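Enquirer:
2 protein chains.
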Amino acid sequence: MARPREFDETVVVAAARERFHETGYAATSLDDLTKATGLGKGSLYGAFGDKRHLFQRALDDYCAAATEAIAQALRGPDDGALARLQAYATGVANDSSARDRRGCLLANTTVELAGRDAEAAAVALSTYEALEAEIAACVAQAQRHGDVPGQSDPHDLAAVFTATMRGVEVLGKAGTARRKLRTIADAAVHALTVG
Amino acid sequence: MARPREFDETVVVAAARERFHETGYAATSLDDLTKATGLGKGSLYGAFGDKRHLFQRALDDYCAAATEAIAQALRGPDDGALARLQAYATGVANDSSARDRRGCLLANTTVELAGRDAEAAAVALSTYEALEAEIAACVAQAQRHGDVPGQSDPHDLAAVFTATMRGVEVLGKAGTARRKLRTIADAAVHALTVG
DNA sequence: GGAGTTCTGTACCGATCACTCCAGAAAGAC
DNA sequence: GTCTTTCTGGAGTGATCGGTACAGAACTCC
C-alpha cells in the first residue's frame, strides 16, 4: 500500500530520551535529535509532530520505566521490606552521584518545565505520587513485620522519604560526594525506624 | 573625565536575577534582559561582559542573600533553636508552593546548569554547604537545650534535613499541594527530635 | 509494469539567538 | 567653549533555532 517505516518508534524514542536526559529540553536542538536518532527531520516530524511531543513521549517512557522499576525493586515479602527500602535509597544515592551528573530525567524536567508546562507538571506530579504510593506500601509491609513502628501513617513516612530522595538527586547534581549522599540515604531509612 | 554611568549596578543585577529566576538561564534572552533592566545592549555588555557573566553575578547575589537570610532566621538563643528550624522548614514549604511556581533560583540553576557548568556547580555546592552548616549549628543548639537527642552528629542530622528541604522544593515545582509540603516539613523537624 | 500511498532526506523558511559596532550623548579637565 | 573619555541605545552581524515544503524513494495492490 505504501512505503513502510524504516525505523522502530520505540528505539527512536529511547534515543531521543537519552539525548534529552543529557542536555534537557531547551538545550537539545532538533539537529541534536536527528543525529541522536539517525532520522531526518521529515521522519521525525511525520512520526511525532514536533519537538515538544517527542519530548513528551520520551518523558512518558521514562516515567513508566521508573515506576515499573521501583515496583520491581520494592515488591516482595514483608520480611525484607525495610532492606528493600534501604537498597532503593542507596541506589538513588549512587545514581545521583554518577560521574555523568545527568541526574534523574524526571527531576530535571520538573525543575526546567513544570513551572511553565502544565502537561509536564501533571506527568511529574502523578509519577511522584505513584513512586510514593509504592514506597508507602513497602513501609506498611515493614510496619507489619515490626521493622517500622506502627503508630505513624505510612503515607506520611513515605512522603518525607520520597522528598529526601528528590533532595539527594538535587544535591548530587550540585556535586555532593557520594559518601555524603549515602549517609543521607541511610539516615532517611533510619528515620523510618524510629517513628 | 568621562560620562558617568546612568544606572546602579546592584539594581541592574537584582532586576536580571528576578528575570532569570522566572525563566531560567537558557530560556531568558538578552532581549528579555534589556527589557527587565532598562539598559541597552551596549551598557549591559560593557558592564558585565556577556550573558553568562551577568547570570553568575545574579546567582552570586542570590546565594549571598539566601545564606544571609538563613543565618538571620536561625541564629538566636539555644532556647528557641528547634522552633526556628520549624519556622524555617515551614517557610520553605510555603515558598515552594507559591502560586508563581518559580521555586528556588539556586535549585533551578543546579538542575539546569550544574551538570555542564563547573562554576555554577561550585557556587551551588558551596552555598548548600553553607546552608547546611547554619542548620547544623542550630541543631547543635537544640541538642544543647535538650530538644534534640545528643547522640547523633548534628552535621548528619543537618544533611538529611537540608536534603529534605531540597526535595520539598522539587515537589513544589511539580505542583504538590501546600498542605502536603507542610506535612513533609513538619516530619523533617520531627525526625530531628527522635534521634 | 503502472497507480497510489506513505516515508525519507534535504533545501529552505522566518524568527530569534548572543553578540558587535558605532555614532552621538554626557560628563570633567582645561 | 573645546578636548577627551566613557557611556548609551539601537542598527546590524552571522549563526542557529523550530518547523515546513517537496521531490524522489520504497513499498503494496492491481
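Keeping their order, the protein sequence lines are chains A and B.
For the first sequence, position 140 (counting from the first letter as 1) is numbered 156 according to this note's numbering, and the numbering increases by one without interruption.
For the second sequence, position 28 (counting from the first letter as 1) is numbered 44 according to this note's numbering, and the numbering increases by one without interruption.
Just so you know, even glycine gets a beta-carbon here, dropped at the ideal spot from N, CA and C.
Computed from a predicted structure; not experimentally measured.
1. What would DSSP say about residue 41/B, mapped onto helix, strand or coil?
2. Report the residue from 191/A, 200/A and 194/A whose alpha carbon sits nearest the alpha carbon of residue 180/B.
3. Report the neighbours of residue 189/B on chain A: residues whose CB is nearer than 7 Å to its CB, in chain order.
4. Would you list, in sequence order, the uninterrupted alpha helix (DSSP H) runs of no fewer than 4 residues that lie entirely inside the region 82-120 of chain B?
5. Report yes if the CB atom of residue 158/B is closer than 7 Å to the CB atom of residue 176/A, and no otherwise.
6. With a 10 Å radius around its C-beta and 16 neighbouring C-beta atoms as the bar for buried, classify residue 188/B as buried or exposed.
7. Please list the partners that residue 172/B has in chain A, where partner means a Cβ-to-Cβ separation under 7 Å.
8. If I measure Cβ to Cβ from residue 95/B and keep anything under 7 Å in the same chain, skipping five residues before and after, which residues do I get?
9. On the DSSP letters alone, give me the boundaries of the alpha helix (DSSP H) that residue 184/A sits inside.
10. Between 104/A, 34/A, 191/A and 196/A, which has its C-alpha nearest residue 232/A's C-alpha?
11. Starting from residue 159/B, follow the alpha helix (DSSP H) in both directions and report where the run begins and ends.
12. Count the other CB atoms within 10 Å of the CB of residue 212/A; is the residue buried (16 or more) or exposed (fewer)?
13. Is the beta carbon of residue 186/B sitting closer than 7 Å to the one on residue 182/A?
14. Note the first and the last residue of the continuous alpha helix (DSSP H) segment covering residue 64/B.
15. Using 10 angstroms around the beta-carbon of residue 45/A, count the other beta-carbons present and answer buried if the total reaches 16, otherwise exposed.
16. Does chain B have any CB closer than 7 Å to the CB of residue 137/A?
17. Taking the continuous alpha helix (DSSP H) assigned at residue 205/B, which residues delimit it?
18. For residue 72/B, which of helix, strand or coil comes out of DSSP?
19. Beta-carbon separation of residue 32/B and residue 74/B under 7 Å?
20. Which whole-angstrom value is the C-beta distance of residue 143/A and residue 122/A, which I expect to be below 8 Å?
Expert: The relevant details are as follows:
1. As a first step, residue 41/B must be located in the second sequence, where it is residue number 25. If DSSP states are grouped into helix, strand and coil, residue 41/B belongs with coil.
2. Translated into positions along the second sequence, residue 180/B becomes position 164. The residue with the shortest Cα to Cα distance from residue 180/B is 200/A.
3. As a first step, residue 189/B must be located in the second sequence, where it is residue number 173. Under the 7 Å cutoff, chain A gives 126, 127, 130 and 131.
4. Complete alpha helix (DSSP H) runs here, min 4: 97-112.
5. The residue labelled residue 158/B in the question sits at position 142 within the second sequence. The residue labelled residue 176/A in the question sits at position 160 within the first sequence. Result no, Cβ atoms of residue 158/B and residue 176/A do not sit closer than 7 Å.
6. To locate residue 188/B, count along the second sequence from 1; it is residue 172. Buried is the call here.
7. Here residue 172/B corresponds to residue number 156 of the second sequence, with the count starting at 1. Correct list: 199 and 203.
8. Locating residue 95/B in the second sequence gives position 79, where the first residue counts as 1. 161, listed in sequence order.
9. Taking the first residue of the first sequence as position 1, residue 184/A is located at position 168. Segment 170-190, the alpha helix (DSSP H) holding residue 184/A.
10. No answer is possible for residue 232/A: the residues shown for chain A start at 17 and end at 211.
11. Working through the second sequence from its first residue, we reach residue 159/B at position 143. 134-161 is the extent of the alpha helix (DSSP H) around residue 159/B.
12. Lying outside 17 to 211, the shown extent of chain A, residue 212/A is not represented and no answer is given.
13. Start at 1 with the first residue of the second sequence, and residue 186/B comes out as number 170. Start at 1 with the first residue of the first sequence, and residue 182/A comes out as number 166. Yes, the pair counts as a contact, with Cβ atoms nearer than the cut-off.
14. Stepping through the second sequence from its first residue, residue 64/B is reached at position 48. Taken as a continuous stretch (DSSP letters only), the alpha helix (DSSP H) holding residue 64/B covers 57-64.
15. For this step, residue 45/A is matched to residue 29 along the first sequence. Result: exposed.
16. Stepping through the first sequence from its first residue, residue 137/A is reached at position 121. Chain B, which has a Cβ nearer than 7 Å to the Cβ of residue 137/A, makes this yes.
17. Mapped onto the second sequence, residue 205/B falls at position 189. Its alpha helix (DSSP H) spans residues 194-209.
18. As a working note, residue 72/B is residue 56 in the second sequence. Correct three-state label for residue 72/B: helix.
19. For the purposes of this step, residue 32/B is taken as the residue at position 16 of the second sequence. For the purposes of this step, residue 74/B is taken as the residue at position 58 of the second sequence. Yes, the pair counts as a contact, with Cβ atoms nearer than the cut-off.
20. The residue given as residue 143/A occupies position 127 in the first sequence. The residue given as residue 122/A occupies position 106 in the first sequence. With 8 Å as the limit, residue 143/A and residue 122/A qualify as a contact, their Cβ atoms being about 6 Å apart.
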